[in-house]
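**Student:**
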Amino acid sequence: MAKTTKATKRFITSGKLKQQIEQRHKQRKVKQTIAKRKGPTGKGRPDGKGKEPAADDAGEDENEGDEEEGDGQFNGMTVDDFLGADFMKGDDDAAEGDDSDEDEGADEEDVDDNESFASVDELEGDEEEHKMDLERLKETDPEFYKYLQENDKELLEFGDEEENEEDEDDEDIAEGEEDEEMDEDEPVAPPTGKDVTKEMLKAWQKSLLEQRSLRALRRMLLAFRAAAHMNEEDGTEYAYSIGSSSVFNKLVVTALKYTPIVLSHHLPYKTLPDGRYKPPAQTKKHATLQKMILSYFNNILHLLDQLPDGDMKVLVLSDSAKVIPYIVSSRKVVKDYLKLLLDLWSSGTDDVRMTALLAIRRLAASQDQSILDMCLKGTYVSLVGSSRATTVHTLPSINLMKNSASEIYALDHEAAYQHAFRYIRQLAIHLRESMKVKSKESYKAVYNWQYVHSLDFWAIVLAKTCDQHAQAASGEESPLYALIYPLVQVTIGAIKLIPTPRYFPLHLHCLRSLLHLIQHTGVFVPLSPFILQIITSSEFTHKPKPSTQRPLDLDIFIRVPAPYVRTRLYQDALAEECAYLLGAWFETAANSIALPELAVPASILLRRTMKKTNSQKLTTTFKPVVERLDDHAKWVEKKRAAVAFGPADRSDVQRFEAAIEVADSPIGKWMKVQRKAREKRKAVLEKAREGGSEMIDS
Numbered sequence: 003m004a005k006t007t008k009a010t011k012r013f014i015t016s017g018k019l020k021q022q023i024e025q026r027h028k029q030r031k032v033k034q035t036i037a038k039r040k041g042p043t044g045k046g047r048p049d050g051k052g053k054e055p056a057a058d059d060a061g062e063d064e065n066e067g068d069e070e071e072g073d074g075q076f077n078g079m080t081v082d083d084f085l086g087a088d089f090m091k092g093d094d095d096a097a098e099g100d101d102s103d104e105d106e107g108a109d110e111e112d113v114d115d116n117e118s119f120a121s122v123d124e125l126e127g128d129e130e131e132h133k134m135d136l137e138r139l140k141e142t143d144p145e146f147y148k149y150l151q152e153n154d155k156e157l158l159e160f161g162d163e164e165e166n167e168e169d170e171d172d173e174d175i176a177e178g179e180e181d182e183e184m185d186e187d188e189p190v191a192p193p194t195g196k197d198v199t200k201e202m203l204k205a206w207q208k209s210l211l212e213q214r215s216l217r218a219l220r221r222m223l224l225a226f227r228a229a230a231h232m233n234e235e236d237g238t239e240y241a242y243s244i245g246s247s248s249v250f251n252k253l254v255v256t257a258l259k260y261t262p263i264v265l266s267h268h269l270p271y272k273t274l275p276d277g278r279y280k281p282p283a284q285t286k287k288h289a290t291l292q293k294m295i296l297s298y299f300n301n302i303l304h305l306l307d308q309l310p311d312g313d314m315k316v317l318v319l320s321d322s323a324k325v326i327p328y329i330v331s332s333r334k335v336v337k338d339y340l341k342l343l344l345d346l347w348s349s350g351t352d353d354v355r356m357t358a359l360l361a362i363r364r365l366a367a368s369q370d371q372s373i374l375d376m377c378l379k380g381t382y383v384s385l386v387g388s389s390r391a392t393t394v395h396t397l398p399s400i401n402l403m404k405n406s407a408s409e410i411y412a413l414d415h416e417a418a419y420q421h422a423f424r425y426i427r428q429l430a431i432h433l434r435e436s437m438k439v440k441s442k443e444s445y446k447a448v449y450n451w452q453y454v455h456s457l458d459f460w461a462i463v464l465a466k467t468c469d470q471h472a473q474a475a476s477g478e479e480s481p482l483y484a485l486i487y488p489l490v491q492v493t494i495g496a497i498k499l500i501p502t503p504r505y506f507p508l509h510l511h512c513l514r515s516l517l518h519l520i521q522h523t524g525v526f527v528p529l530s531p532f533i534l535q536i537i538t539s540s541e542f543t544h545k546p547k548p549s550t551q552r553p554l555d556l557d558i559f560i561r562v563p564a565p566y567v568r569t570r571l572y573q574d575a576l577a578e579e580c581a582y583l584l585g586a587w588f589e590t591a592a593n594s595i596a597l598p599e600l601a602v603p604a605s606i607l608l609r610r611t612m613k614k615t616n617s618q619k620l621t622t623t624f625k626p627v628v629e630r631l632d633d634h635a636k637w638v639e640k641k642r643a644a645v646a647f648g649p650a651d652r653s654d655v656q657r658f659e660a661a662i663e664v665a666d667s668p669i670g671k672w673m674k675v676q677r678k679a680r681e682k683r684k685a686v687l688e689k690a691r692e693g694g695s696e697m698i699d700s
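Sequential numbering from 3 applies to the sequence shown in my numbering.
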């Protein structure tokens with residue numbers, strides 16, 4: 003705002019401010035009496051001739067409207083005058099150009115804070131309306147209503163306390179605020195912010211809940227600004243000060259819980275059937291309140307940056323998302339907010355990550371397509387950046403990020419297609435360059451954790467958006483379905499790039515990604531040749547060396563350490579993983595009428611491997627797979643022996659396959675047992691990493 007003049011400072015320090023205010027009040031009463039004698043004026047005149055009131059009269063009407071705030075009527079006043087020009091003092095984004103007279107008028111309004119209700123009849127009417135509002139609140143915002151029941155139940159019992167006492171307290175607050183709000187940038191005397199007390203918070207809560215008071219909201223947000231910056235020593239003075247941690251917590255919670263309720267009352271926004279929302283209408287009231295809202299939101303961002311991970315940070319994140327519809331019109335605030343959310347999503351605790359993700363999802367639900375694009379791009383870039391260093395400790399968090407980010411891409415398939423196409427194309431370009439350039443370092447553009455996690459992420463996205471059951475229910479094919487083929491080709495190309503045993507862990511990562519895609523989309527991708535390629539490699543044909551290394555977890559490697567090569571530990575780990583993947587892939591084709599023919603190559607190669615090996619562990623691992631494949635082949639042959647159609651009758655084949663229950667098939671039952679055993683083994687491995695006493699069989 004504009005710099006306060008010396009004349010204004012001298013006037014403030016002279017002690018004549020109060021006299022001037024009282025004189026103006028007297029003038030206002032005289033003019034009101036004259037106006038009543040003259041009858042209706044302006045737009046309400048009987049002759050229909052509307053006339054704008056004079057400047058002084060307008061200011062008086064505004065003050066009068068302030069007195070009627072409890073009735074929810076703002077006769078002749080603007081929200082600009084109601085809020086005052088000094089709300090944004092001290093903020094970086096404060097509006098410039100307000101003169102000192104406007105500041106003085108704004109402070110006048112603060113002083114003129116009379117009681118809300120003029121008579122018992124009005125009190126009863128307001129009480130009835132308040133009860134109706136609470137009933138609506140119970141339906142529209144049950145979470146906030148539950149919060150009131152658990153924390154501020156007395157606020158729900160309207161009419162039981164003396165209203166005038168609280169009004170008097172509010173007047174005291176306003177009077178104590180005057181000189182501090184007059185010029186926070188250059189105080190004349192050493193200012194001291196008014197201490198926020200729990201009684202003061204209770205009064206604000208009551209005004210906010212019962213009257214949706216913008217005046218109480220403004221004061222509360224001034225106090226919230228002081229709370230957000232309370233640990234800073236930059237010399238900035240604020241209208242309020244926070245004296246204890248309990249008051250700080252109560253103030254922060256009050257601001258977060260009550261602000262969305264008041265804003266939704268004064269600036270309602272529309273939620274569409276698809277979950278998206280339209281921001282509030284661009285009215286004069288909205289334009290005035292927007293500065294206050296953006297200042298409040300900037301203070302939230304500052305507070306989030308200061309808070310450690312914990313319940314308070316989760317609370318601030320969760321409730322900040324409720325104000326998102328009011329800030330989407332400010333591109334700068336949206337960018338700052340999204341940047342902070344992405345940082346928390348990629349580096350916080352699990353609770354903070356998920357809460358940040360929900361806020362990103364809320365931000366992406368805006369009707370503004372550019373905001374959705376920012377969210378889609380930001381989540382993918384943050385995911386790739388976080389996956390650069392993958393360890394046993396970071397892998398669970400990265401998997402959480404991949405699964406949660408896929409939720410954002412599932413919001414809008416058309417928008418997601420543009421980003422998925424571009425990023426999958428980038429992966430294909432990296433692969434092509436690695437295949438063309440014959441050098442020792444060229445493969446590193448593909449054989450790294452970021453590339454592997456990117457392939458897996460897009461497999462998760464396509465599996466979610468192109469799910470066969472979801473598409474059958476909707477009757478429409480997702481635009482992303484067209485990207486399944488190029489993603490499969492890129493993933494298979496990555497497997498073929500370097501077929502050496504040391505990179506078998508990377509191959510297995512790619513195979514698991516493709517398997518996940520197959521299970522959800524129902525597309526046919528022949529994975530068995532790539533699995534059998536590992537089983538027939540030199541790792542299984544050579545006699546393994548004994549090893550005293552720790553048990554090997556293939557999930558945390560893309561390149562096996564040299565000490566594990568051609569050891570029994572590595573051979574056994576590969577055998578178990580290949581057996582599981584082979585069974586899982588055949589399970590996806592368990593209802594195929596051609597499964598007996600599909601199983602022949604796998605059965606022959608597995609039998610040959612068991613015949614050549616001297617390892618009892620390999621025989622124990624592969625024998626159940628062969629037996630289940632044989633059992634399932636016989637089971638399908640028995641069913642298809644009774645049919646009278648041939649392979650060319652596609653409609654009959656589809657009906658035959660749809661009638662088969664995979665869960666009741668031999669391979670389906672066996673895989674159910676294998677999944678339980680696999681989960682148990684992973685739990686034991688996790689416990690061993692954490693220092694548990696469980697022993698892991700090699």
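For glycine and all other residues, C-beta sits at the position ideal for the given N, C-alpha and C.
How about Ala361 and Leu343: do their beta carbons lie closer than 8 Å?
**Tutor:** Stepping through the sequence shown from its first residue, residue 361 is reached at position 359. Stepping through the sequence shown from its first residue, residue 343 is reached at position 341. Yes. Within cutoff.
**Student:** Taking DSSP as the reference, what is the three-state secondary structure of Tyr703?
**Tutor:** Here the chain comprises residues numbered 3 to 700, so residue 703 is not present and cannot be evaluated.
**Student:** Give me the DSSP bridge partner(s) of Ser653.
**Tutor:** If you number the sequence shown from 1, residue 653 lands on position 651. Ser653 pairs with nothing; no bridge assigned.
**Student:** If we ignore side chains and look at the alpha-carbon of each, how far apart do Lys204 and Leu211 end up?
**Tutor:** In the sequence shown, the residue the question calls residue 204 occupies position 202. In the sequence shown, the residue the question calls residue 211 occupies position 209. So the alpha carbons of these two residues sit roughly 10 Å apart.
**Student:** Report the three-state DSSP secondary structure of Asp414 (helix, strand or coil).
**Tutor:** Position 412 of the sequence shown, counted from the start, is the residue given in the question as residue 414. Correct three-state label for Asp414: coil.
**Student:** I need the straight-line Cα distance from Gln284 to Lys674, nearest angstrom please.
**Tutor:** On the sequence shown, residue 284 is found 282 positions in, with the first residue counted as 1. On the sequence shown, residue 674 is found 672 positions in, with the first residue counted as 1. So the alpha carbons of these two residues sit roughly 57 Å apart.
**Student:** Would you check if there are 3 or more beta carbon pairs closer than 8 Å linking the segment 312-327 to the segment 259-268?
**Tutor:** As far as the Cβ criterion goes, the segment 312-327 touches the segment 259-268, which means the pair count is three or higher.
**Student:** Going by DSSP in three states, Asp458 sits in which element: helix, strand or coil?
**Tutor:** Position 456 of the sequence shown, counted from the first residue, corresponds to residue 458. In the structure shown, Asp458 sits in a helix (DSSP, three-state: H, G or I).
**Student:** Give the secondary structure of Tyr271 by DSSP, where H, G and I count as helix, E and B as strand, and everything else as coil.
**Tutor:** In the sequence shown, the residue the question calls residue 271 occupies position 269. Coil, per DSSP.
**Student:** Below 8 Å, how does it come out for the segment 522-537 and the segment 586-599: are there three or more Cβ pairs, yes or no?
**Tutor:** The segment 522-537 vs the segment 586-599: in contact.
**Student:** Considering Asp632, what are the terminal residues of the alpha helix (DSSP H) in which it resides?
**Tutor:** Here residue 632 refers to the residue found at position 630 of the sequence shown. First-last of the alpha helix (DSSP H) with Asp632: Gln618 to Arg642.
**Student:** Could you give the distance in angstroms between the alpha-carbon of Ile500 and the alpha-carbon of Phe299?
**Tutor:** The count along the sequence shown starts at 1 and reaches residue 500 at position 498. The count along the sequence shown starts at 1 and reaches residue 299 at position 297. If you take the alpha carbons of Ile500 and Phe299, they lie about 51 Å apart.
**Student:** Taking the Cβ atom as the reference point for each residue, do Ala504 and Val463 lie within a distance shorter than 8 Å?
**Tutor:** Numbered from 1 along the sequence shown, position 502 holds the residue referred to as residue 504. Numbered from 1 along the sequence shown, position 461 holds the residue referred to as residue 463. It should be pointed out that residue 504 corresponds to Arg in this sequence rather than to Ala. No, the Cβ-Cβ distance between Arg504 and Val463 is not below 8 Å.
**Student:** Give me, in chain order, the residues of the same chain whose beta-carbon lies closer than 6 Å to that of Ile662; leave out the 5 immediate sequence neighbours on both sides.
**Tutor:** Start at 1 with the first residue of the sequence shown, and residue 662 comes out as number 660. If we look at Ile662 and ignore the five residues flanking it on each side, its Cβ neighbours are Asn593.
**Student:** Throw me the rounded Cβ distance for the Thr615 and Ala581 pair, which I believe falls under 8 Å.
**Tutor:** In the sequence shown, counting from the first residue as 1, residue 615 sits at position 613. In the sequence shown, counting from the first residue as 1, residue 581 sits at position 579. Wrong, their Cβ atoms sit about 13 Å apart, outside the cutoff.
**Student:** Are the segment 280-294 and the segment 232-247 touching by the rule of at least three beta carbon pairs closer than 8 Å?
**Tutor:** In short, these stretches do not touch, since the Cβ pair count stays below three.
**Student:** What are the boundary residues of the alpha helix (DSSP H) that Cys377 is part of?
**Tutor:** Counted from its first residue, the sequence shown places residue 377 at position 375. First-last of the alpha helix (DSSP H) with Cys377: Gln371 to Ser388.
**Student:** Return the chain-ordered list of same chain residues with a C-beta closer than 8 Å to the C-beta of Gln470, the five sequence neighbours on each side being excluded.
**Tutor:** Here residue 470 is taken as the residue at index 468 of the sequence shown, counted from 1. Taken in chain order, the residues that qualify are His522, Thr523 and Gly524.
**Student:** Only counting the same chain, and skipping five residues up and downstream in sequence, which positions put a Cβ closer than 7 Å to that of Glu688?
**Tutor:** The count along the sequence shown starts at 1 and reaches residue 688 at position 686. Counting only Cβ-Cβ distances below 7 Å, and skipping sequence neighbours, we find nothing.
**Student:** Taking the straight line between their C-alpha atoms, what separation do you get for Ile489 and Lys498?
**Tutor:** Position 487 of the sequence shown, counted from the first residue, corresponds to residue 489. Position 496 of the sequence shown, counted from the first residue, corresponds to residue 498. One detail in the question is off: residue 489 reads as Leu in this sequence, not Ile. Between Leu489 and Lys498, the C-alpha separation is close to 14 Å.
**Student:** Mind checking whether Lys280 and Gln420 have CB atoms under 8 Å apart?
**Tutor:** Walking along the sequence shown from the start, residue 280 turns up at place 278. Walking along the sequence shown from the start, residue 420 turns up at place 418. It is not a contact, given that the beta carbons lie outside the stated cut-off.
**Student:** Less than 7 Å between C-beta atoms, sequence neighbours within five positions excluded: which residues of the same chain meet that for Ala1?
**Tutor:** In the structure as shown, the chain begins at 3 and stops at 700. Residue 1 is therefore absent and cannot be evaluated.
**Student:** Using the DSSP secondary-structure output, state which residues sit across from Thr569 in a beta bridge.
**Tutor:** For the purposes of this step, residue 569 is taken as the residue at position 567 of the sequence shown. Lys547, per the DSSP bridge assignment.
**Student:** What do you get for Gln676, buried or exposed, if any count of 16 or more other CB atoms within 10 angstroms of its CB means buried?
**Tutor:** Taking the first residue of the sequence shown as 1, we reach residue 676 at position 674. Buried: at least 16 other Cβ atoms inside 10 Å.
**Student:** Less than 7 Å separating the Cβ of Asp370 from some heavy atom of the ligand FMN?
**Tutor:** The model on display carries no ligand, and the ligand FMN is accordingly not part of it.
**Student:** Where does Lys442 sit, in a helix, a strand or coil, going by DSSP?
**Tutor:** Taking the first residue of the sequence shown as position 1, residue 442 is located at position 440. It is coil, neither helix nor strand.
**Student:** Just checking my contact of Leu457 with Ser515 at CB under 8 Å: how many whole Å lie between their CB atoms?
**Tutor:** Against the sequence shown, residue 457 aligns to sequence position 455. Against the sequence shown, residue 515 aligns to sequence position 513. Confirmed, Cβ separation roughly 6 Å.
**Student:** Can you look up Asp352 in the DSSP assignment and give me helix, strand or coil?
**Tutor:** Numbered from its first residue, the sequence shown carries residue 352 at position 350. In this structure, Asp352 counts as helix in the three-state DSSP scheme.
**Student:** With a threshold of 7 Å on Cβ separation, who are the neighbours of Asp632 within its own chain once the five nearest residues in sequence on each side are excluded?
**Tutor:** By one-based count along the sequence shown, residue 632 stands at place 630. So the list reads Ser605, once near-sequence residues are dropped.
**Student:** Where does the unbroken alpha helix (DSSP H) through Cys512 begin, and where does it stop?
**Tutor:** Numbered from its first residue, the sequence shown carries residue 512 at position 510. First-last of the alpha helix (DSSP H) with Cys512: Phe506 to Thr523.
**Student:** On the three-state DSSP scale, how would you describe Ser247?
**Tutor:** Here residue 247 refers to the residue found at position 245 when the sequence shown is read from its first residue. Of the three classes helix, strand and coil, the one that applies to Ser247 here is helix, per DSSP.
**Student:** Taking only three categories from DSSP, how would you classify Ser480?
**Tutor:** The residue labelled residue 480 in the question sits at position 478 within the sequence shown. Ser480: coil per DSSP, three-state reduction.
**Student:** Is the beta carbon of Leu485 closer than 8 Å to that of Phe423?
**Tutor:** Here the question's residue 423 lines up with position 421 in the sequence shown. Here the question's residue 485 lines up with position 483 in the sequence shown. Yes, the Cβ-Cβ distance between Phe423 and Leu485 is below 8 Å.
**Student:** Helix, strand or coil for Tyr279, going by three-state DSSP, please let me know.
**Tutor:** Numbered from 1 along the sequence shown, position 277 holds the residue referred to as residue 279. It is a strand residue.
**Student:** Note down the Cα distance separating Ile23 from Lys33, rounded to an integer number of angstroms.
**Tutor:** Counting from one through the sequence shown, the residue named residue 23 turns up at place 21. Counting from one through the sequence shown, the residue named residue 33 turns up at place 31. Near 15 Å, if we compare the C-alpha coordinates of Lys33 and Ile23.
**Student:** Taking only runs that begin and end inside the segment 286-360, name each unbroken alpha helix (DSSP H) of 4 or more residues, in chain order.
**Tutor:** The qualifying runs are 286-308, 313-322 and 333-349.
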